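Heads up: the sequence shown runs through residues 45 to 277, numbered per this note's numbering.
All residues carry an ideal CB built from backbone N, CA and C; glycine is no exception.
These numbers were taken from a predicted model, which means no experiment stands behind them.
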Amino acid sequence: MNPPNSPAPQLLGEVPDREEFAASLAQSLDALHRFVHAAREWTLPPVVNGCERYPEGELPYSFQAAWQYQRPQEFQQSLLDFLRVCFEPEAPGSLLLNGNQGLLLEALPTQPFRLAYLSETGQPGETLAELKMRVLDRRCAELGLDRGLGPLFGAICWGEGSLLQRLAATQTLFSAGLTAAQWLGTWAAEIQGEASVETTGEPICHLGYAIDGALGDRVRVSLWRFCAPPLVH
Numbered sequence: 045m046n047p048p049n050s051p052a053p054q055l056l057g058e059v060p061d062r063e064e065f066a067a068s069l070a071q072s073l074d075a076l077h078r079f080v081h082a083a084r085e086w087t088l089p090p091v092v093n094g095c096e097r098y099p100e101g102e103l104p105y106s107f108q109a110a111w112q113y114q115r116p117q118e119f120q121q122s123l124l125d126f127l128r129v130c131f132e133p134e135a136p137g138s139l140l141l142n143g144n145q146g147l148l149l150e151a152l153p154t155q156p157f158r159l160a161y162l163s164e165t166g167q168p169g170e171t172l173a174e175l176k177m178r179v180l181d182r183r184c185a186e187l188g189l190d191r192g193l194g195p196l197f198g199a200i201c202w203g204e205g206s207l208l209q210r211l212a213a214t215q216t217l218f219s220a221g222l223t224a225a226q227w228l229g230t231w232a233a234e235i236q237g238e239a240s241v242e243t244t245g246e247p248i249c250h251l252g253y254a255i256d257g258a259l260g261d262r263v264r265v266s267l268w269r270f271c272a273p274p275l276v277h
């Protein structure tokens with residue numbers, strides 16, 4: 045997608061800097077590996093019944109890191125959707141999660157927490173409101189996403205259509221977005237050239253949006269929330 049009112053880009057035809065590409069790829073893969081391990085729901089021990097699964101003192105292998113989840117495929121889909129939101133070329137706004145991934149870091153609790161997650165895909169032709177009523181509300185309650193130590197985060201993907209035209213109704217459906225005080229604080233920070241600003245009020249939910257053509261006429265919702273760890277009896 046070319047930025048508005050700009051000349052057509054000249055295709056490079058090749059990666060401009062091989063060393064930068066290689067270093068960035070290695071760092072990205074390592075960071076994803078470490079994140080999947082860091083967000084784990086249980087810990088795979090390096091040695092089980094005298095059998096070494098991975099070298100002690102090192103990370104489990106990447107596929108083993110995924111074993112440390114009750115629903116590994118669902119977690120991976122949620123992670124992919126949040127990455128998709130970060131790089132969606134037709135982001136419908138700069139004050140959404142699309143342009144403010146730092147909101148996730150700002151919401152990290154200081155006390156112990158767990159990452160609650162889900163990812164659900166609607167049926168063909170099903171609206172987002174229908175998907176929410178049919179399955180999202182129930183699963184949020186079951187998984188603890190209806191309550192937490194901070195706001196709910198969502199990555200919503202459609203297979204087709206305009207993200208901008210869906211924005212207002214979706215934000216309302218999830219009670220999403222910054223509070224009035226936070227909007228004003230963000231504008232003040234931009235005017236003053238500040239990277240961030242302390243604001244008052246607690247948003248209920250932050251959403252990002254993306255297009256995934258493989259969905260066709262379906263919608264997919266991935267949700268994250270930082271929640272208190274379960275009680276251990």
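Specify the secondary structure class of S163 as computed by DSSP and reduced to three states.
Three-state DSSP puts S163 in a strand.
Alpha carbon of V92 to alpha carbon of R78, nearest angstrom:
When rounded, the distance between both Cα atoms is 22 Å.
Report whether the distance from the Cβ of Y113 to the nearest heavy atom of the ligand ZN is below 6 Å.
Absent from the structure shown: the ligand ZN. Ligands present: none.
What first and last residue would you give for the beta strand (DSSP E) that runs through V265?
Following the DSSP letters along the chain, one finds V265 inside the beta strand (DSSP E) bounded by residues V263 to C271.
Could you give the distance in angstroms between the alpha-carbon of L141 and the alpha-carbon of E85?
Taking the straight line from one Cα to the other gives about 25 Å.
Ignoring anything shorter than 4 residues or poking outside the segment 99-152, list the alpha helix (DSSP H) runs there in chain order.
As far as the segment 99-152 is concerned, its whole alpha helix (DSSP H) runs of at least 4 residues are 106-111, 116-130 and 146-150.
Using the Cα positions of Q145 and D125, report the straight-line distance between them to the nearest angstrom.
In a straight line, the C-alpha of Q145 is about 13 Å away from that of D125.
Under 6 Å Cβ to Cβ from Q184, same chain only, skipping five residues before and after it: list those, please.
The amino acid at residue 184 is misidentified as Gln; the sequence shows Cys. Closer than 6 Å at Cβ, skipping near neighbours: D190.
Taking 8 Å as the limit between beta carbons, can you name the residues of its chain near E100, skipping five residues before and five after?
Correct list, in chain order: P90 and V91.
Could you tell me the boundaries of the beta strand (DSSP E) in which F218 lies?
Taken as a continuous stretch (DSSP letters only), F218 belongs to no beta strand (DSSP E), as it is neither H nor E.
Close Cβ partners of C130 (< 6 Å) along its chain, the five nearest in sequence each way excluded:
Short of 6 Å from the beta carbon of C130, and not among the five residues preceding or following it, lie these beta carbons of its own chain, in chain order: Q145.
Please classify V263: is it buried, with 16 or more other beta-carbons within 10 angstroms of its beta-carbon, or exposed?
Buried, by the Cβ-count rule.
Would you say L196 and R269 are within 7 Å of each other, going by their C-beta atoms?
R269 sits close to L196, with the two beta carbons spaced by under 7 Å.
Three-state secondary structure (DSSP) at E204?
DSSP places E204 in coil when its eight states are reduced to three.
Specify the secondary structure class of V80 as computed by DSSP and reduced to three states.
Three-state DSSP puts V80 in a helix.
Bridge partners of L196, per DSSP?
According to DSSP, L196 bridges with C249.
Any idea what DSSP makes of E96, helix, strand or coil?
When secondary structure is reduced to three states using DSSP, E96 falls in the strand class.
Going by C-alpha distance, which of Q54, H81 and Q215 is nearest Y105?
The shortest Cα separation from Y105 among Q54, H81 and Q215 belongs to H81.
State the DSSP-derived secondary structure class of V91, mapped to helix, strand or coil.
Per DSSP, reduced to three states, the secondary structure at V91 is strand.
Three or more C-beta pairs closer than 8 Å, one from the segment 162-174 and one from the segment 250-266: is that the case here?
Yes: the two stretches touch, three or more of their Cβ pairs being nearer than 8 Å.
In the DSSP output, what is R158 paired with across the bridge?
DSSP output for R158 lists C271 as bridge partner(s).
DSSP bridge partner residues for A254 (one or two, in chain order)
In DSSP, A254 forms a bridge with C201.
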